[in-house]
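Each remark here refers to the structure printed beneath this line.
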Amino acid sequence: MAIPYLRPGEQVVLYDGVCKLCNGWVAFLLRHRLDRRVRFATVQSEEGKTLLRHVSMPVDDIRTIVLIGENGHWLRAQAICRVIKNLHSRWRIFALLRYFPDAVSNAIYNLIARNRYRLFGRYDDVKHLSPDFPERFIAR
Numbered sequence: 000m001a002i003p004y005l006r007p008g009e010q011v012v013l014y015d016g017v018c019k020l021c022n023g024w025v026a027f028l029l030r031h032r033l034d035r036r037v038r039f040a041t042v043q044s045e046e047g048k049t050l051l052r053h054v055s056m057p058v059d060d061i062r063t064i065v066l067i068g069e070n071g072h073w074l075r076a077q078a079i080c081r082v083i084k085n086l087h088s089r090w091r092i093f094a095l096l097r098y099f100p101d102a103v104s105n106a107i108y109n110l111i112a113r114n115r116y117r118l119f120g121r122y123d124d125v126k127h128l129s130p131d132f133p134e135r136f137i138a139r
């Protein structure tokens with residue numbers, strides 16, 4: 000079944016648009032030439048909510064990054080490792096983290112995710128990175 004808003008071969012990263020850490024990560028990916036087939040949307044956007052519903056995830060309490068592609072969807076550390084694999088730079092070596100046991104990598108991810116606002120801060124409203132890279136974002 001076709002994924003809403005995506006062309007064949009594309010993937011989408013859904014992230015928390017008020018989280019400073021999450022926005023920083025997306026900006027990092029864009030700066031380091033992430034494969035153009037990977038696009039972005041915030042979980043707060045209508046497009047993001049539609050995509051979450053498409054993979055049968057709740058839309059009102061998302062505490063993880065989500066990667067959605069033709070072959071499925073991934074959460075937490077697995078999503079991050081799959082995204083890193085698409086970088087065109089020396090950062091790709093970090094994709095090897097996918098070989099850590101899921102229990103370990105997800106425990107670390109969950110610890111950071113639970114404390115992300117306290118450690119890194121949050122924006123009052125959804126931060127829009129799209130003016131610099133409009134073609135990379137599904138929701139504008």
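Note that numbering that gives the first Met the number 0 has the sequence shown beginning at 0, numbered continuously upward.
Cβ atoms here follow ideal geometry from the backbone N, Cα and C, with glycine treated the same way.
{"query": "Contact between the segment 48-56 and the segment 78-86 (3+ Cβ pairs under 8 Å)", "result": "no"}
{"query": "Validate contact between the segment 118-135 and the segment 24-44 using beta carbons, cut 8 Å, 3 pairs", "result": "yes"}
{"query": "Nearest residue (CA-CA) to residue 54, options 22, 74, 24 and 37", "result": "74"}
{"query": "Residue 37, enclosing beta strand (DSSP E) - first and last residue", "result": "37-41"}
{"query": "Opening and closing residue of the alpha helix (DSSP H) in which residue 90 lies", "result": "Segment: none, residue 90 is in no alpha helix (DSSP H) and carries neither H nor E."}
{"query": "Sheet register partners of residue 73 (DSSP bridge)", "result": "66"}
{"query": "Residue 22 beta carbon less than 8 Å from that of residue 128", "result": "yes"}
{"query": "Pick from 19, 39 and 33 that is closest to residue 3, judged by C-alpha positions", "result": "39"}
{"query": "Spatial distance of residue 20 from residue 120 (CA atoms)", "result": "8 Å"}
{"query": "Contacts around residue 36, its chain only, beta-carbon distance under 7 Å, and the 5 residues preceding and following it disregarded", "result": "8, 9 and 10"}
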